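Novice: Mind looking over this structure? Questions follow.
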Amino acid sequence: MSNTLEGFNSQAATFAADVDQAFWINFWISIILFLSVVVPMIYFAWKYRADKVKNEDICKVTHNTSLELAWTLIPTAMLFVLFYYGYSSMKILRTMPAESQSIVVHVEGKKWSWNYTYPANKSGYIHKTAELYVPKDQNIILKMTAPLNDVLHAFYVPAFRMKEDVVPGRITKQWFNSEVIGTYDVECAEYCGTRHSYMYSKVHVIPRAEYDEWFESKKRTPGAPDVKISKGQELYESNGCAGCHSIDTDAVLVGPSLKGIGAKYDAGYLKDAIVNPDKDIPEGFTAGVMPPFTLPDADIDEIINYFNNTDKGKELYEANGCAGCHSIDSDAILVGPSLKGIGGKRDAAYLKDAILHPDKDVPEGFTAGVMPPFTLPDADVSEIIRYMQSAK
Ligand SMILES: [Cu+2]
């Protein structure tokens with residue numbers, strides 16, 4: 001993604017040209033009205049300054065009917081022109097197409113993410129996405145809302161010249177039809193708190209065939225390789241968790257990072273943290289920021305399952321075949337010593353040496369030359385060590 005927003009340089013919706021026309025007519029008429037008042041005002045103030053005007057001249061001034069008619073009627077006409085273009089372009093935006101000839105997508109805006117729910121496809125599958133996918137040349141109706149315990153947001157697509165408030169407890173509607181294939185930014189245009197400036201999403205306008213193929217499939221995104229993501233990851237994404245919690249870095253966004261969270265807390269704690277977040281707030285964070293999520297138990301289990309499987313260290317541990325020689329969850333000695341509770345016994349420097357230069361300090365009862373030295377980037381070694389230290 002470039003640093004600039006995909007916005008005003010493209011007119012990507014059918015009504016964008018109407019909105020632009022209304023804008024430019026507004027702009028130029030405003031300039032004309034401004035100049036036609038301010039320029040004569042300055043000129044006359046100078047021309048009729050105090051030492052140039054005699055009191056007896058002022059007494060004779062009456063009026064000029066044609067001038068007065070002109071400066072009343074011409075600006076009035078111009079203001080009607082403004083009204084005409086403002087009203088007619090607004091009418092286009094506010095007149096919804098028939099739902100039977102449109103794709104109706106439900107949009108939820110919440111602190112601080114967007115998600116989209118599609119109608120069920122032929123097989124009954126309902127797509128829930130974090131970005132909006134629509135076919136070209138198709139009327140799309142967005143029915144938008146925010147959760148009751150949330151705040152005002154506004155769904156804004158600069159490239160479409162389209163903006164509509166998203167209000168808790170109310171359904172607002174907006175439609176569009178895009179003729180230009182491309183990807184456009186969605187922004188929240190209502191200041192809504194800490195992560196407002198990160199409340200972005202995308203609209204992807206794609207060819208009809210590509211859309212249809214995706215819509216009737218269970219793929220997460222059009223053109224995506226048919227990689228199955230876990231139900232938990234899907235729920236994690238569609239519920240907007242990533243808007244406030246990083247799961248693959250240690251970055252603290254609004255809430256704590258969830259990297260390796262599965263290894264640090266048990267399922268009971270994690271469940272509470274989702275359904276009743278204020279019960280036990282981690283140090284440095286404030287109650288009342290994260291809303292309680294009401295999700296079916298099965299979904300919560302899936303999300304927790306996902307947490308348990310997103311441990312980079314665990315992945316590396318497994319991918320490098322460590323488990324082939326070292327047990328991490330039992331005291332069993334396989335080829336090498338068990339690593340159960342190793343974090344409590346050895347410090348990180350020792351563990352790093354043990355991975356990179358295993359023969360440097362071979363524990364009693366084991367033989368040098370059995371474990372090969374592993375050449376891994378420092379970051380990966382740290383991840384594996386972190387996993388060893390946190391493994392229960
Ligand atoms: Cu917002």
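Heads up: the sequence shown begins at 1 in our numbering, then just goes up one per residue.
C-beta: ideal position from N, C-alpha, C; glycine also.
Being a predicted model, the structure only gives us computed values, none of them experimental.
1. Ligand 1 and Ala130: does the residue's C-beta get closer than 8 Å to at least one heavy atom of that ligand?
2. Kindly give me the distance between the Cβ atoms of Phe366 and Gly341, rounded to whole angstroms, as I take these residues to be in contact under 8 Å.
3. For Ser178, does the three-state DSSP call read helix, strand or coil?
4. Compute the minimum distance between the beta carbon of Trp163 and the heavy atoms of ligand 1, and state whether it is under 8 Å.
5. Could you check the C-alpha separation between Val53 and Lys47 for me, to the nearest Å?
6. Which residues does DSSP pair with Gly194 in a beta bridge?
7. Taking all protein chains shown into account, decide if Ser113 is buried (16 or more other Cβ within 10 angstroms of its Cβ) or exposed.
8. Does DSSP classify Asn305 as helix, strand or coil?
9. I'd like the list of long-range same chain contacts for Gln11, defined as Cβ closer than 7 Å, with 5 residues on each side in sequence excluded.
10. Candidates Met388, Asn26 and Leu316: which alpha carbon is nearest Gly86's?
11. Check the C-beta distance from Ile206 over to Ile181 and give it rounded, since I have them as a contact under 8 Å.
12. Thinking C-alpha only, which one of Trp214, Gly240 and Thr172 is nearest Tyr125?
13. Can you give me the C-alpha to C-alpha distance between Leu270 and Ile304, rounded to a whole angstrom?
14. Applying the 10 Å Cβ sphere with the 16-neighbour rule, what's the burial state of Leu235?
15. Of the choices Leu253, Tyr156, Arg170 and Val167, whose alpha-carbon is the least far from that of Asp185?
16. Using 10 angstroms around the beta-carbon of Ser197, count the other beta-carbons present and answer buried if the total reaches 16, otherwise exposed.
17. Give the residues whose C-beta lies closer than 5 Å to at least one heavy atom of ligand 1, in chain order.
18. Using a 10 Å radius around the Cβ and a threshold of 16 neighbouring Cβ atoms, would you call Tyr43 buried or exposed?
19. Could you spell out the range, first to last residue, of the alpha helix (DSSP H) harbouring Asp361?
20. Going by DSSP, which residues form a beta bridge with Leu132?
21. Is it buried or exposed for Pro372, if we count other Cβ within 10 angstroms and need 16 for buried?
22. Can you give the Cα-Cα distance for Ile31 and Lys91, rounded to whole angstroms?
23. If contacts are defined as beta-carbon pairs under 8 Å, then Thr221 and Tyr133 qualify, I think. What distance do you get, rounded to the angstrom?
24. Per DSSP, what kind of secondary structure is Asn3 in: helix, strand or coil?
Specialist: With the structure as the only source:
1. Answer for Ala130: no, Cβ out of range of ligand 1.
2. Wrong, their Cβ atoms sit about 18 Å apart, outside the cutoff.
3. Correct three-state label for Ser178: strand.
4. For the sequence presented, residue 163 should be read as Lys rather than Trp. No, Cβ of Lys163 sits at least 8 Å from all heavy atoms of ligand 1.
5. 9 Å
6. In the sequence on display, residue 194 carries Thr and not Gly. Beta-bridge pairing links Thr194 to no other residue.
7. buried
8. helix
9. Ala17 and Asp20
10. Asn26
11. About 6 Å separates the CB atoms of Ile206 and Ile181; that is less than 8 Å, so the two are in contact.
12. Trp214
13. Distance between the alpha carbons of Leu270 and Ile304: 7 Å.
14. buried
15. It is Tyr156.
16. Classification for Ser197: exposed.
17. The set of residues with any CB-heavy atom separation to ligand 1 below 5 Å comprises, in chain order, His153, Cys188, Cys192 and Met199.
18. exposed
19. First-last for Asp361: undefined, no H or E at that position.
20. Val203
21. exposed
22. 25 Å
23. 7 Å
24. Low confidence applies to Asn3: its pLDDT is 49, below 50, so where it sits in the model is not reliable enough to give any reading.
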